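Undergrad: Residue numbers (the working numbering), protein chains in the order written: chain A, 1 to 144; chain B, 1001 to 1065.
1) Using three-state DSSP, classify residue 1028(B) as helix, strand or coil.
2) Does the beta carbon of residue 1052(B) sit closer than 7 Å to a beta carbon anywhere in chain A?
3) By the 8 Å beta-carbon criterion, what residues does the region 22-55 of chain A contribute toward chain B?
4) Can you name the start and end residues of the alpha helix (DSSP H) that residue 1040(B) belongs to?
5) To the nearest angstrom, how far is the alpha carbon of residue 31(A) from that of residue 39(A)?
6) Taking the alpha-carbon of residue 143(A) as reference, which of 1042(B), 1058(B), 1018(B), 1011(B) has the nearest alpha-carbon?
7) Check residue 84(A) in the structure and name its three-state DSSP category.
8) With DSSP collapsed to three states, give me the class of residue 123(A).
9) Grab me the residues of residue 1051(B)'s own chain with a C-beta within less than 8 Å of its C-beta, minus the 5 sequence neighbours each way, in chain order.
10) Could you tell me whether the region 51-58 of chain A touches the region 1003-1022 of chain B, where touching means 3 or more Cβ pairs closer than 8 Å?
11) Return the residues of the region 1010-1022 of chain B that lie within a Cβ-Cβ distance of less than 7 Å from chain A, sorted by chain order.
12) How should residue 133(A) be labelled, buried or exposed, when 16 other C-beta atoms within 10 angstroms of its C-beta is the threshold for buried?
13) With a threshold of 7 Å between beta carbons, is residue 1037(B) in contact with chain A?
14) What do you reckon, are the CB atoms on residue 135(A) and residue 22(A) nearer than 7 Å?
15) For the ligand HEM, I want to know if residue 116(A) counts as a neighbour, meaning its beta carbon is within less than 6 Å of at least one of the ligand's heavy atoms.
16) Quick check on residue 1063(B): buried or exposed, where buried means 16 or more other Cβ atoms within 10 Å of its Cβ?
17) Could you tell me which of 1011(B), 1019(B), 1045(B) sits nearest to residue 87(A), measuring between CA atoms?
18) In whole angstroms, what is the alpha-carbon distance linking residue 1067(B) and residue 35(A)?
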């Protein structure tokens, strides 16, 4: 086995191990209730870890980012920008509808995204799934 | 507007995002996927921080309040 393939194999186990830990942590988080100390701690741990990792990565990549900036700017594509604009428009439409529902009353008639997520959170399995997805999204964003 | 209509609009918006995701994945013109757009935003340190802060807010609002 070469050094590279050995590294990839080791990394696969690391990914499996991190996924298992994440799922176990999500299961633990599903036992907590909002507005309790347990919920604050369980949510704060990955949140603080994510912020620390981003802070460390920002420090180490600042120099290389300056070097790469000129290459990125030369590769920009107008078609790509149009599709980016379409995505941004979609996000703005969703934000406007969320705002409309937020100021609307009563809440039962105008459910916001939070209300919809609460429906998912109302069961332990749903909350564990939502927490696992949130952790996965955090890993994806932090390690970009 | 009744609860049913509000839910219908949420469903349509969700469907719109889903169609966008599929269209950008399948298109031969290679438009940016949602992941690609996030990657572009994350290339800038400020954009990266805003994404992470948004993620942190989402988690705190949803699970801790």
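Heads up, the beta-carbon is just placed ideally off N, CA and C, and yes, glycines get one too.
Please read these numbers as outputs of a predicted model, since none were measured by experiment.
TA: On the basis of the data shown:
1) Taking the second chain and counting its residues from 1, one reaches residue 1028(B) at position 28. Secondary structure of residue 1028(B) (DSSP, three-state): coil.
2) Position 52 of the second chain holds residue 1052(B). Yes, its Cβ sits closer than 7 Å to a Cβ of chain A.
3) Along the region 22-55 of chain A, the positions whose C-beta sits under 8 Å from a C-beta of chain B are 29, 32, 34, 35, 39, 40, 42, 43, 44, 46, 47, 50, 51, 54, read in chain order.
4) As a working note, residue 1040(B) is residue 40 in the second chain. DSSP places residue 1040(B) inside the alpha helix (DSSP H), whose first and last residues are 1034-1043.
5) Your numbering for residue 31(A) matches position 31 in the first chain. Your numbering for residue 39(A) matches position 39 in the first chain. Each residue's alpha carbon lies about 9 Å from the other.
6) In the first chain, residue 143(A) corresponds to position 143, counting from 1. Checking every option, the nearest Cα to that of residue 143(A) belongs to 1042(B).
7) The sequence position of residue 84(A) within the first chain is 84, counting from 1. Correct three-state label for residue 84(A): helix.
8) By one-based count along the first chain, residue 123(A) stands at place 123. Reduced to three states, the DSSP call for residue 123(A) is coil.
9) For this step, residue 1051(B) is matched to residue 51 along the second chain. Apart from the 5 residues on each side of it in sequence, residue 1051(B) sits with its Cβ closer than 8 Å to the Cβ of 1038, 1041, 1042 in its chain, given in chain order.
10) no
11) 1010, 1013, 1016, 1017, 1020
12) For the purposes of this step, residue 133(A) is taken as residue 133 along the first chain, with counting starting at 1. Residue 133(A) should be labelled exposed.
13) For this step, residue 1037(B) is matched to residue 37 along the second chain. It does; some Cβ of chain A falls within 7 Å.
14) Taking the first chain and counting its residues from 1, one reaches residue 135(A) at position 135. Taking the first chain and counting its residues from 1, one reaches residue 22(A) at position 22. Yes, the pair counts as a contact, with Cβ atoms nearer than the cut-off.
15) Within the structure as shown, the ligand HEM is missing, as the structure has no ligands at all.
16) Translated into the one-based positions of the second chain, residue 1063(B) becomes position 63. Answer is buried; the Cβ neighbour count reaches 16.
17) Counted from its first residue, the first chain places residue 87(A) at position 87. Checking every option, the nearest Cα to that of residue 87(A) belongs to 1019(B).
18) Look at the range of chain B in this structure, 1001 to 1065, and you will see that residue 1067(B) is not part of it.
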